[in-house]
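Numbering (the UniProt record's numbering), first residue to last: 1 to 268.
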Ligand SMILES: [Fe+2]
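This is the structure in structure tokens:
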């Protein structure tokens, strides 16, 4: 953890593949912050600087229930959603049935969709979805609405951002003539995602998964606790700090190559 060379190797792995699983992280409430701070300061969001993914009696978010969660990104209603998401597994009893995490590369899926359904792809780059978080019954009420297309292209026509978060979509607010085509494209993209082979992993206590939230979709299988506990502690790191840190380390202790910028609304 104290070696810059090792840190660079790990960050490159996250940056190239979109996801990394770290084993042997000591069990402790603070450890997810400590690991995040190896990269950059922890990002403050409407969930504070850390959040517990744990079953609660009256969940205010599907994450705090035992229900399955479909593939999505977190906080897409932000103008710039969190870059890295870290989830540290503190408890995951063997008696629990299900509860595995799922991951899928949204950029790869969008590129595949572009080839298979070019017209529907264009629709997803043009018609804006409504992403929102409107929740007053909480300590600090939140009211955020952000309209943007699911797929963003840069000046060269390359995919530079994908936004997908069905649980946080509000009413579509577009011209009537665009509605039918939008839902057709939406349905086909959703099918493309659910029919794809995703990475499935059941976290063990002491494992910490870190992934690029602007690139990777994540989800969770539903689970039955059978009296056991499942608890993850999470936090986020801003995408700009992450990309900066890789480039700095590449230049200082690496071979000086340009770090990939995939997943920061740019392209390379
Ligand atoms: Fe999530």
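Glycine is no exception: its CB is placed at the ideal position from the N, C-alpha and C atoms.
Residue 60 counts as exposed, since fewer than 16 other beta carbons sit within 10 angstroms of its beta carbon.
With contact defined as three or more Cβ pairs closer than 8 Å, the stretch 114–134 and the stretch 72–83 are in contact.
At the C-beta level, residue 19 and residue 262 stay beyond 8 Å of one another. Taking non-hydrogen atoms of ligand 1 into account, the C-beta of residue 72 is found less than 7 Å away from one of them. Leaving aside the five residues that flank residue 52 on each side, the residues in its chain whose CB is nearer than 7 Å to its CB run, in chain order, 231, 233. DSSP lists 211, 236 as the beta-bridge partner residues of residue 85.
Counting only the Cα atoms, residue 175 lies some 47 Å from residue 38.
A residue is called buried once 16 or more other Cβ atoms fall within 10 Å of its Cβ, and residue 257, having fewer, is exposed.
For residue 63, the shortest C-beta to heavy atom distance toward ligand 1 is below 7 Å.
When the beta-carbon positions are compared, residue 218 and residue 103 come within less than 8 Å of each other.
Inter-residue distance for residue 55 and residue 30 is about 20 Å (C-alpha atoms, whole angstroms). Short note on residue 88: C-beta not closer than 7 Å to any heavy atom of ligand 1.
Residues of the same chain with a CB within less than 6 Å of the CB of residue 265, apart from the 5 flanking positions on each side, are 160, 161 in chain order.
Ranking 147, 84, 200 by CA distance to the CA of residue 173 puts 147 first.
The criterion of a C-beta distance shorter than 8 Å is satisfied by residue 8 and residue 253.
For residue 216, the enclosing beta strand (DSSP E) begins and ends at 216–220. Excluding five sequence positions before and after residue 171, the CB atoms of its chain that fall closer than 8 Å to its own CB belong to 130, given in chain order.
Between the stretch 105–114 and the stretch 185–200, the count of Cβ pairs shorter than 8 Å is three or higher; the stretches touch. Per DSSP, residue 49 has no beta-bridge partner at all.
Residue 83 is not a Cβ neighbour of residue 206, given a cutoff of 8 Å. In the three-state reduction of the DSSP assignment, residue 13 falls in the helix class, which pools H, G and I.
Here the alpha carbons of residue 236 and residue 185 stand approximately 31 Å from one another. Bounds of the beta strand (DSSP E) holding residue 20 are 19–22. Of the heavy atoms belonging to ligand 1, none sits nearer than 7 Å to the Cβ of residue 155.
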